[in-house]
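A quick write-up on the structure given underneath.
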Amino acid sequence: MALYFPHIAIFAAFMANNMYQIVATEQFSEKVYKYVVRAPRIARARKAGHFIILRVDENGERIPLTVAAADPVAGTVTLVVQETGVSSAKLCALKAGDHILDMVGPLGQATRIRQVGTVLACGGGVGVAPLLPIVEAFKKAGNRVVCVLAARSKELIILENEIRQWSDEVLIMTDDGSYGEKGVVTAGAEKIISREKIDECIVIGPAIMMKFTSLLTKQYGIPTQASLNAIMVDGTGMCGACRVSVDGKIRFTCIDGPEFDAHKVDFDELLRRLGGYKHLEQAAFQEYLTHQPQA
Amino acid sequence: MNEQLDNTGRNQAWRVALRTRLKNRERVDIARVRMPQLPPHERVCYQNREVNLGLDTDSARREASRCMDCIEPTCMAGCPVNIQIPLFIKQIDNGDFLAAAQTLKQTSALPAVCGRVCPQEKQCEAGCFYTLKLKKEPVAIGYLEQFAADWERNAGKTSIPQVAAPNGLKVAATGSGPASLAFAGDMAKLGYEVTVFEALHEFGGVLKYGIPEFRLPNSIVDAELDNLRQMGVRFEKNFIVGKLMSFEALKEEGYSAFFVGSGAGLPRFMNISGESANGILSSNEYLTRVNLMHADNAGYDTPVLRGKRVAVIGGGNTAMDSVRTALRLGADKAMLVYRRSREEMPARIEEVLHAEEEGVEFMLLVTPVAYLSDADGRVCAMRLRPMELGAPDASGRRKPVEKVGADFDVPVDLVIVAVGVSPNPLIPAALSGLKTTALGTIEVNPDTMQSSIPEIFAGGDIVRGGATVILAMGDGRRAAAGMHKFLSEKYLTT
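From first to last, the protein sequence lines are chains V and G. Residue 249 in our numbering sits at position 254 of the first sequence; the count goes up by one each step and never skips. Numbers given in our numbering equal positions in the second sequence, counted from 1, plus 8.
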């Protein structure tokens, strides 16, 4: 037999390796959803700080999402998504049992976890999801961990119990005072900083929130890492869409980050670049919404 | 086998007959074939319609008859993979198109691709007797290569190369661009179980995300991928070797050796003032959004910025691809900004001509020194500085020198930076002990493509920094030969 045609075996292996089934979902708030997705190899390989890129369907965008949790035994990763545009809305429309077409990862550099003493972890909105594995890892590395979770209102505070499991103390801040203390994240952070010695700070959330938290910790000279949410396409260093200025140099969020020394990040540039496609995204979202069946 | 070899030799009766059928004096008077093309005004409306329509059989045979079947074919010296050029051309001349396609495939893994994207004017056609001695237009070797490969595919006569019985060894290629595809084909023929790991959701590497369909239709790349699948090559997408699974873990899964063809990943920027403005992006980003993500098509979710006044910085093929894409996406004014003159442009001459026909405005001997942006942070103008050419630099091209004091601003709303790429650091970062150069490329033995880690071979842009499809393919084939020798000595002998 000189010829060898293993088509069937190939097809079977292809299907087995290329299914990203949603095994559970949970709605955190009106626009925020949690997904537990079968991706055994990613679940085994990922570390705190890593992200994945997924594509919902053949026409979908490549969406970067930080892994909020992973279960290597069950072979699942947990993702938290906020509906903000067409692509995230398509994802948020999926139910348990549905499949995601593509998922690649783990991407980016894992968080540098080590014992430093006391870590202040600040999470804003859905930024709490990527913060969770980092909080867990810092706690497991023997640090005291104090968290500040901030959102506009009570419904938007997510993963509080999970965060509490790995924190020595959790401070909740809401803009409207509907839960925890009234005020923004920096007010909560400053309260902690003025009270005790913080050795390192990690901040994840909207770019504007990271900017002001970073300005605050800079005043106090606390080393701070921020996990940046730049626009990405391929996620492997190829396209440069996610370029950011760190210490005046071009860095790529996808391969050099997503975490950078927050005090060296040009947040104003990041904020501006995040808005680069807003007009197109908003128009596309309006178009998408008008074609959805009315509930 | 010998019989087959004999049947193709220059002194075979059929080749002698072709040479005597026409007097060389008549032969040289035949005008070089013109490639039928979509008219420029029509082609700029379609991102996915190939500009070159291909030769018909009559014009291909007529063009093939121009070839003098030289005793010493100087054209072959220009071919990085040593295609038997006079043989395949004479087979076309003789009407035996399938044989011509098979001749091409003996040395080139992707002839339908190379016929379209090789810089023939710098390679085979530069060495053609017509160019060298007659000072006439060379035989259209590239068009003929495309013709033979397309004829075979369109006739449904693509022959799947015979694959040796499995030898029990598993090897992997990382990346699915031209280097890896060439490697995979050769290794499959030798009886290896080959898996190609691709980071993106599509296979084909730069052939898919980089080169637009108006130059290389995806269907041609897909046909080549299908051939490899039929030879038993396994493809895994969404898989970053070194991230999802380490090389060590893959070795434990039975992979004996690896070919790294991960390409030139990182886009370069110029580090000039205002370059981070919105509306300034790398050619990789622009082309990936359009070619891979289909952002030009309303049915797809990925957005792309459509400029009315688009400037593309650079003079290579990627710059041409970008500026022509901008036209197809509705630019009123598509400008190509290049710091040297037309003669030094590294792009294929045909792409330069096509770009001109389509209305691209060439701004030569200028370089951007700054970008200005509007209140929303979107680029609104580029500041250009005139250049003049000085003495030749390391590349042999005359070095551009800035003329200070004559800067001028040109309004733009989209800028595509196509000034080259650096090697993708993902694989080198995942392999401690892998020797790399100061530029970040992987160091290899140029004969075997073996790296400083014996079971890791590499080729294409990750070794060369930025080269052509044909060179990448040649690397892939050399790596396959090198790896086969290495693995044979290690596992298959005794």
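Idealized CB from N, CA, C, for every residue including glycine. Predicted model, so just to flag it, every value in this text is computed and none were measured.
### Task
Give a yes or no on whether 8 Å exceeds the smallest Cβ distance from P169 (chain G) to chain B.
Any reference to chain B falls outside this structure, whose protein chains are V and G.
### Neighbour list for G271 (chain V) in chain G, Cβ cutoff strictly below 8 Å
As a first step, residue 271 (chain V) must be located in the first sequence, where it is residue number 276. Residues of chain G with a Cβ closer than 8 Å to the Cβ of G271 (chain V) are, in chain order, N286, G287, L313, G385 and R386.
### Query
Considering only the beta carbon of each residue, do L335 (chain G) and D304 (chain G) sit closer than 8 Å?
Position 327 of the second sequence, counting from 1, holds the residue named residue 335 (chain G). Position 296 of the second sequence, counting from 1, holds the residue named residue 304 (chain G). The answer is no: Cβ separation not under 8 Å.
### Task
Could you pull out every residue in the same chain whose Cβ sits closer than 8 Å to the Cβ of E293 (chain G), ignoring the five residues on either side in sequence?
Position 285 of the second sequence, counted from the start, is the residue given in the question as residue 293 (chain G). Here the set comprises P275.
### Query
Between which two residues does the beta strand (DSSP E) carrying F46 (chain V) extend?
On the first sequence, position 51 is the one that residue 46 (chain V) refers to. Where F46 (chain V) is concerned, the enclosing beta strand (DSSP E) stretches over F46 to R50.
### Message
Short of 8 Å Cβ to Cβ, which residues in the region 228 to 259 of chain V face chain G?
### Response
Of all residues in the region 228 to 259 of chain V, only V228, D229, T231, G232, M233, C234, G235, A236, R238, S240, I245, F247 and I250 place a beta-carbon less than 8 Å from a beta-carbon of chain G.
### Query
With DSSP run on the structure shown, which of helix, strand or coil describes P48 (chain G)?
Counting from one through the second sequence, the residue named residue 48 (chain G) turns up at place 40. Helix at P48 (chain G).
### Query
Taking Cβ-Cβ distances shorter than 8 Å, what residues in chain G pair up with D97 (chain V)?
Locating residue 97 (chain V) in the first sequence gives position 102, counting from the first residue. Per Cβ cutoff of 8 Å: H209, K245 and N246.
### Query
Since H362 (chain G) and V59 (chain G) are thought to touch, with beta carbons under 8 Å apart, how far apart are those beta carbons, to the nearest angstrom?
Indexing the second sequence from 1 puts residue 362 (chain G) at position 354. Indexing the second sequence from 1 puts residue 59 (chain G) at position 51. In this structure H362 (chain G) is in contact with V59 (chain G), their Cβ atoms being roughly 6 Å apart against a cut-off of 8 Å.
#### Entry: Three-state secondary structure (DSSP) of D101 (chain G)
As a working mapping, residue 101 (chain G) is identified with position 93 in the second sequence. Assigned with DSSP and collapsed to three states, D101 (chain G) falls in helix.
### Task
Check R314 (chain G) in the structure and name its three-state DSSP category.
As a first step, residue 314 (chain G) is located in the second sequence; it is residue number 306 there, counting from the start. Three-state DSSP puts R314 (chain G) in coil, outside helix and strand.
### Query
With 8 Å set as the bound, which would you pick, yes or no: does the beta-carbon of R33 (chain V) sit closer than that to a beta-carbon of chain G?
For the purposes of this step, residue 33 (chain V) is identified with residue 38 of the first sequence, where counting begins at 1. R33 (chain V) has a beta carbon lying at 8 Å or more from every beta carbon in chain G.
### Task
May I ask which residues mark the beginning and end of the beta strand (DSSP E) holding Y54 (chain G)?
The residue given as residue 54 (chain G) occupies position 46 in the second sequence. Neither: Y54 (chain G) is in no beta strand (DSSP E) and is coded neither H nor E.
#### Entry: Cβ neighbours of P48 (chain G) in the same chain (closer than 6 Å, five flanking residues each side left out)
The sequence position of residue 48 (chain G) within the second sequence is 40, counting from 1. Residues of the same chain with a CB within less than 6 Å of the CB of P48 (chain G), apart from the 5 flanking positions on each side, are E365 and E366 in chain order.
### Query
Can you tell which of G:P454, G:I464, G:S430 and G:M457 has the C-alpha that lies nearest to the C-alpha of L439 (chain G)?
Within the second sequence, residue 439 (chain G) is the residue found at index 431, counting from 1. Checking every option, the nearest Cα to that of L439 (chain G) belongs to G:I464.
### Query
Using the beta-carbon count (16 or more within 10 Å), is Q55 (chain G) buried or exposed?
For the purposes of this step, residue 55 (chain G) is taken as residue 47 along the second sequence, with counting starting at 1. Buried is the call here.
### Task
Could you spell out the range, first to last residue, of the beta strand (DSSP E) harbouring G193 (chain G)?
As a first step, residue 193 (chain G) is located in the second sequence; it is residue number 185 there, counting from the start. Under the DSSP assignment, G193 (chain G) falls outside any beta strand (DSSP E), being part of the alpha helix (DSSP H) whose first and last residues are P186 to K197.
### Query
In chain G, which residues lie with their C-beta within 7 Å of the C-beta of L275 (chain V)?
If you number the first sequence from 1, residue 275 (chain V) lands on position 280. Going along chain G in sequence order, the residues near L275 (chain V) (Cβ under 7 Å) are P311.
### Query
So which residues of chain G does N54 (chain V) contact, with C-beta pairs closer than 7 Å?
The residue you call residue 54 (chain V) lines up with position 59 of the first sequence. Within chain G, the residues near N54 (chain V) are G307, Y308 and D309.
### Query
Would E176 (chain V) pass as a contact of I167 (chain V) if the rule is Cβ separation under 8 Å?
For the purposes of this step, residue 176 (chain V) is taken as residue 181 along the first sequence, with counting starting at 1. For the purposes of this step, residue 167 (chain V) is taken as residue 172 along the first sequence, with counting starting at 1. The answer is yes: Cβ separation under 8 Å.
### Query
Can you list, in chain order, the residues of its chain whose CB lies under 8 Å from that of L60 (chain V), leaving out five sequence neighbours each side?
For this step, residue 60 (chain V) is matched to residue 65 along the first sequence. These residues qualify, in order along the chain: F46, I47, I48, L49, L74, V75 and V76.
### Task
Please confirm if V81 (chain V) has its CB atom under 8 Å from at least one CB of chain G.
Reading the first sequence from its first residue, position 86 is the one you call residue 81 (chain V). For V81 (chain V), the closest Cβ of chain G is nearer than 8 Å.
### Message
If contact is defined by three or more beta carbon pairs under 8 Å, each pair taking one atom from either stretch, is the region 202 to 209 of chain V in contact with the region 24 to 41 of chain V?
### Response
No, they do not touch.
### Task
Look at the alpha carbon of E129 (chain G) and the alpha carbon of A88 (chain V), and state the distance between them as a whole number of angstroms.
Locating residue 129 (chain G) in the second sequence gives position 121, where the first residue counts as 1. Locating residue 88 (chain V) in the first sequence gives position 93, where the first residue counts as 1. About 53 Å.
### Task
Can you grab the Cα-Cα spacing for the pair F222 (chain G) / T310 (chain G), in whole Å?
As a working mapping, residue 222 (chain G) is identified with position 214 in the second sequence. As a working mapping, residue 310 (chain G) is identified with position 302 in the second sequence. Spanning the two alpha carbons is a distance of roughly 20 Å.
### Query
Which residue or residues does DSSP assign as beta-bridge partners of V239 (chain V)?
Here the question's residue 239 (chain V) lines up with position 244 in the first sequence. Assignment of beta-bridge partners to V239 (chain V) by DSSP yields V:R246.
### CB-CB length for V183 (chain G) against G213 (chain G), believed under 8 Å
As a position in the second sequence, residue 183 (chain G) is number 175, starting the count at 1. As a position in the second sequence, residue 213 (chain G) is number 205, starting the count at 1. It is worth fixing the name first, because residue 183 (chain G) is Gly in this sequence and not Val. Approximately 6 Å separates the beta-carbon atoms of G183 (chain G) and G213 (chain G); this is inside 8 Å, confirming the contact.
### Task
Look at the alpha carbon of H2 (chain V) and the alpha carbon of G271 (chain G), and state the distance between them as a whole number of angstroms.
Your numbering for residue 2 (chain V) matches position 7 in the first sequence. Your numbering for residue 271 (chain G) matches position 263 in the second sequence. Reliability of the predicted coordinates at H2 (chain V) is poor, the pLDDT of 48 falling under 50, and no value is obtained from them.
### Message
So, for F137 (chain G): in the same chain, excluding its five sequence neighbours on each side, which residues have a beta-carbon less than 7 Å away from its beta-carbon?
### Response
Against the second sequence, residue 137 (chain G) aligns to sequence position 129. For F137 (chain G), the CB contacts under 7 Å within the same chain, skipping 5 residues up- and downstream, are M76, C78 and T82 in chain order.
### Task
Quick one: residues in its chain with C-beta nearer than 7 Å to the C-beta of M353 (chain G), no 5 flanking neighbours on either side, listed in chain order?
Within the second sequence, the letter at position 345 stands for residue 353 (chain G). Here the set comprises G323, Y346 and V360.
### Query
In the DSSP assignment, what are the bridge partners of S381 (chain G)?
Locating residue 381 (chain G) in the second sequence gives position 373, where the first residue counts as 1. Answer by DSSP bridge pairing, in chain order: G:V387.
### Query
So what's A116 (chain V) in DSSP terms, helix, strand or just coil?
Translated into positions along the first sequence, residue 116 (chain V) becomes position 121. A116 (chain V) falls in the strand class under three-state DSSP.
#### Entry: Per-residue burial, V41 (chain G) [other beta carbons within 10 Å of its own, 16 or more giving buried]
The sequence position of residue 41 (chain G) within the second sequence is 33, counting from 1. Classification of V41 (chain G): buried, given that the 10 Å Cβ count is 16 or more.
### Query
Going along chain V, which residues have a C-beta under 7 Å from L434 (chain G)?
Position 426 of the second sequence, counted from the first residue, corresponds to residue 434 (chain G). The contacting residues are T231, G232 and I250.
### Task
Specify the secondary structure class of Y308 (chain G) as computed by DSSP and reduced to three states.
In the second sequence, counting from the first residue as 1, residue 308 (chain G) sits at position 300. Three-state DSSP puts Y308 (chain G) in coil, outside helix and strand.
### Message
Please give me, in chain order, every unbroken run of the alpha helix (DSSP H) with length at least 4 that falls completely inside the region 154 to 237 of chain V.
### Response
Assignment of alpha helix (DSSP H) within the region 154 to 237 of chain V, counting only whole runs of 4 or more residues, yields 155 to 160, 180 to 190 and 202 to 214 in chain order.
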